[in-house]
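Chemist: I have a structure I would like to understand better, so I am pasting it below and will then ask my questions one at a time.
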Amino acid sequence: MAENNTIPESGFAKPIVRFAPSPNGLLHVGHARSAILNRRFAKTRGGTFMLRIEDIDLTRARPEFEVAIKEDLAWLGIDWPEPVRRQSEHFCEYQSALDELRRLGLLYPAFLSRAEIATIVSEFEGRGRVWPRDPDGAPHYPGNDRALSMSERDHRIAAGKPHAWRLDMQAALDGLGEKLSWRESGAGPKGETGQVGADPGAWGDIILARRDVPASYHLSVTVDDAVQSITDVIRGEDLFASTSVHRLLQHLLGLPVPAYHHHGLVRDPDGRKLSKSDGATSIAALRQQGASPADIIALAGLADAR
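Residues in the sequence shown are numbered from 0 upward in steps of one, following numbering that gives the first Met the number 0.
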């Protein structure tokens, strides 16, 4: 069962919120929970609810899923202003952000493959030492490529060597000059609320762009929220730790800082969050089985939310 039913307070007279699904599958009850919370938040405060389609990964995005997303939301009684922002139509904006980070000397091409990273980490840990890992459990990227000369980087890129663009986290942190934080009206995994200190260094040298994906989730969502003037980000608690990265990017790119509310998740009987990849029952399937919008709202744990 989901938790944290209450709608957060806002410091903005006319808040703007967004629900931003990826069209790589059908919506499930967990998505419904987030969409409903955002819509109720906007409606009760005379604000605006925005729908954003996060289709930057063109290898996985499908137009039929976008259609299904809109059908499910409309069936739940949720509406939004047009036009809808699609990430695939704004690659130039993400490129501009990357260019600025490159100008600041904070971006570098990383050439190690996943297999090469795994080998380095395995050999290191095989000697009884602990390799740092990010909040999602992935190993930090080895620092090998940061030491490459500009000419060597250019040579490898010109030769067609596959690479991703990573943020030089230590360089970014060295130039901060202040402690970053954000206003949290939900709660983190350790009960963090109020003014929460950011810890972007916990993520290591994050990927900001790949050859097949022009901007990572971290970069694109940060730019999108700024462009759409989002005042309050209401999303699942599984993204709480990611806010540290978003705060750093906001600082580096000179972008405004919204307020955040991370809500509890809808979980399966084993306590795991619902996931498209794990075959979570879709809203469309529940509709076909005879469920009503009120049933979905109840399953999302929001029947009594105000």
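Glycine included, each C-beta is placed from N, C-alpha and C at the ideal position.
Nearest to Gly-45 by alpha carbon, out of Pro-22, Ile-15 and Glu-92?
Modeler: Here residue 45 corresponds to residue number 46 of the sequence shown, with the count starting at 1. Comparing Cα positions, the closest option is Ile-15.
Chemist: Where does Trp-202 sit, in a helix, a strand or coil, going by DSSP?
Modeler: The count along the sequence shown starts at 1 and reaches residue 202 at position 203. Three-state DSSP puts Trp-202 in a helix.
Chemist: If the criterion is Cβ atoms closer than 7 Å, does the pair Ile-55 and Gln-86 meet it?
Modeler: As a working note, residue 55 is residue 56 in the sequence shown. As a working note, residue 86 is residue 87 in the sequence shown. In contact: Ile-55 and Gln-86 (Cβ atoms closer than 7 Å).
Chemist: Between the C-alpha atoms of Ala-137 and Leu-301, what's the straight-line distance to the nearest angstrom?
Modeler: The residue labelled residue 137 in the question sits at position 138 within the sequence shown. The residue labelled residue 301 in the question sits at position 302 within the sequence shown. Going from the Cα of Ala-137 to the Cα of Leu-301 covers about 33 Å.
Chemist: Would you mind giving the Cβ-Cβ distance between Ser-184 and Ala-258, rounded to the nearest angstrom? I have them listed as a contact below 8 Å.
Modeler: Your numbering for residue 184 matches position 185 in the sequence shown. Your numbering for residue 258 matches position 259 in the sequence shown. Going by Cβ atoms, the distance from Ser-184 to Ala-258 rounds to 7 Å, so yes, they are a contact pair.
Chemist: In the DSSP assignment, what residue or residues form a beta bridge with Lys-272?
Modeler: In the sequence shown, the residue the question calls residue 272 occupies position 273. Paired residue(s): Arg-266.
Chemist: Using 8 Å as the cut-off, can you tell me whether the region 20 to 40 makes contact with the region 63 to 72, which would need three or more C-beta pairs spanning the two stretches below that distance?
Modeler: yes
Chemist: Helix, strand or coil, according to DSSP, for Arg-165 in the structure here?
Modeler: Numbered from its first residue, the sequence shown carries residue 165 at position 166. Note: Arg-165 maps to strand in three-state DSSP.
Chemist: Could you have a look at Lys-141 and say whether DSSP puts it in helix, strand or coil?
Modeler: For the purposes of this step, residue 141 is taken as residue 142 along the sequence shown, with counting starting at 1. Per the sequence presented here, residue 141 reads as Pro, with Lys not at that position. In this structure, Pro-141 counts as coil in the three-state DSSP scheme.
Chemist: Could you tell me which of Asp-98, Leu-273 and Pro-20 sits nearest to Leu-252, measuring between CA atoms?
Modeler: Here residue 252 corresponds to residue number 253 of the sequence shown, with the count starting at 1. The shortest C-alpha separation from Leu-252 is found at Asp-98.
Chemist: Helix, strand or coil: which one does DSSP assign to Asp-98?
Modeler: Here residue 98 corresponds to residue number 99 of the sequence shown, with the count starting at 1. Correct three-state label for Asp-98: helix.
Chemist: Using three-state DSSP, classify Val-16 as helix, strand or coil.
Modeler: Position 17 of the sequence shown, counted from the first residue, corresponds to residue 16. Strand, per DSSP.
Chemist: For Gly-203, count neighbouring Cβ atoms within 10 angstroms of its own Cβ and tell me buried if that reaches 16, exposed if not.
Modeler: Here residue 203 is taken as the residue at index 204 of the sequence shown, counted from 1. Buried, by the Cβ-count rule.
Chemist: Between Leu-25, Pro-134, Gly-159 and Asp-224, which lies nearest to Ala-201 when the distance is taken from Cα to Cα?
Modeler: Here residue 201 refers to the residue found at position 202 of the sequence shown. Here the closest residue by C-alpha is Pro-134.
Chemist: Under 7 Å, do Ala-163 and Ile-205 count as touching if we go by C-beta distance?
Modeler: Counted from its first residue, the sequence shown places residue 163 at position 164. Counted from its first residue, the sequence shown places residue 205 at position 206. Result no, Cβ atoms of Ala-163 and Ile-205 do not sit closer than 7 Å.
Chemist: Check whether the region 186 to 198 touches the region 213 to 226, counting contact only when three or more Cβ pairs, one atom from each stretch, lie closer than 8 Å.
Modeler: no
Chemist: Quick one: measure Cβ to Cβ for Ser-281 and Leu-26, integer angstroms, because I've assumed they're closer than 8 Å.
Modeler: Counting from 1 along the sequence shown, the entry for residue 281 is found at position 282. Counting from 1 along the sequence shown, the entry for residue 26 is found at position 27. Their Cβ separation, rounded to whole angstroms, is 6 Å, which keeps Ser-281 and Leu-26 in contact under 8 Å.
Chemist: Kindly identify the DSSP beta-bridge partner or partners of Val-232.
Modeler: On the sequence shown, residue 232 is found 233 positions in, with the first residue counted as 1. Looking at the DSSP assignment, Val-232 forms a beta bridge with Tyr-259.
Chemist: For Glu-53, does the count of other Cβ atoms within 10 angstroms reach 16, so buried, or fall short, so exposed?
Modeler: Numbered from 1 along the sequence shown, position 54 holds the residue referred to as residue 53. Answer is buried; the Cβ neighbour count reaches 16.
Chemist: Beta carbon of Leu-50, beta carbon of Trp-79: below 7 Å?
Modeler: In the sequence shown, residue 50 corresponds to position 51, counting from 1. In the sequence shown, residue 79 corresponds to position 80, counting from 1. Yes, Cβ-Cβ distance for Leu-50 and Trp-79 is below 7 Å.
Chemist: With a Cβ-Cβ cutoff of 7 Å, do Leu-105 and Ala-171 count as a contact?
Modeler: Taking the first residue of the sequence shown as 1, we reach residue 105 at position 106. Taking the first residue of the sequence shown as 1, we reach residue 171 at position 172. Yes.
Chemist: Between the Cα of Lys-178 and those of Arg-152, His-139 and Leu-247, spot the shortest distance and give me the residue it belongs to.
Modeler: Position 179 of the sequence shown, counted from the first residue, corresponds to residue 178. That would be Leu-247, whose Cα lies nearest to the Cα of Lys-178.
Chemist: According to DSSP, simplified to helix, strand and coil, what is Val-195?
Modeler: Your numbering for residue 195 matches position 196 in the sequence shown. Note: Val-195 maps to strand in three-state DSSP.
Chemist: Could you round the C-beta distance between Leu-264 and Glu-236 to whole angstroms and report it? I think they count as a contact, below 8 Å.
Modeler: Reading the sequence shown from its first residue, position 265 is the one you call residue 264. Reading the sequence shown from its first residue, position 237 is the one you call residue 236. With a Cβ gap of about 6 Å, Leu-264 and Glu-236 count as contacting.
Chemist: Quick check on Thr-242: buried or exposed, where buried means 16 or more other Cβ atoms within 10 Å of its Cβ?
Modeler: Position 243 of the sequence shown, counting from 1, holds the residue named residue 242. Buried.
Chemist: Among residues of its own chain, excluding the 5 on either side of Val-232, which ones have a beta-carbon nearer than 6 Å to its beta-carbon?
Modeler: Taking the sequence shown and counting its residues from 1, one reaches residue 232 at position 233. Only Pro-257 and Tyr-259 meet the Cβ criterion.
Chemist: Quick check: the Cα distance between Gly-24 and Ser-150, rounded to an integer number of angstroms?
Modeler: On the sequence shown, residue 24 is found 25 positions in, with the first residue counted as 1. On the sequence shown, residue 150 is found 151 positions in, with the first residue counted as 1. If you take the alpha carbons of Gly-24 and Ser-150, they lie about 43 Å apart.
Chemist: Assuming contact is defined by CB atoms lying nearer than 7 Å, are Pro-213 and Val-244 in contact in what I supplied?
Modeler: Working through the sequence shown from its first residue, we reach residue 213 at position 214. Working through the sequence shown from its first residue, we reach residue 244 at position 245. Contact flag unset, no.
Chemist: Let me check one thing: in DSSP terms, what residues is Phe-48 bridge-paired to?
Modeler: Within the sequence shown, numbered from 1, the residue matching residue 48 stands at position 49. Per DSSP, Val-16.
Chemist: Based on Cα-Cα distance, which residue from Phe-239, Pro-82, Phe-18 and Leu-285 lies nearest to Ser-180?
Modeler: The residue labelled residue 180 in the question sits at position 181 within the sequence shown. The candidate whose alpha carbon is nearest that of Ser-180 is Phe-239.
Chemist: Output yes or no for whether 7 Å exceeds the beta carbon distance between Ile-156 and Pro-141.
Modeler: As a working note, residue 156 is residue 157 in the sequence shown. As a working note, residue 141 is residue 142 in the sequence shown. Cβ atoms of Ile-156 and Pro-141: not closer than 7 Å.
Chemist: If we call anything under 7 Å between Cβ atoms a contact, is Glu-65 one with Pro-131?
Modeler: Your numbering for residue 65 matches position 66 in the sequence shown. Your numbering for residue 131 matches position 132 in the sequence shown. If you check the CB distance, Glu-65 and Pro-131 do not come in under 7 Å.
Chemist: If you check the beta carbons only, do Phe-160 and Phe-110 fall under 7 Å apart?
Modeler: Within the sequence shown, residue 160 is the residue found at index 161, counting from 1. Within the sequence shown, residue 110 is the residue found at index 111, counting from 1. Looking at the sequence itself, residue 160 is Lys, so the reference to Phe does not match. Yes, they are a contact pair.
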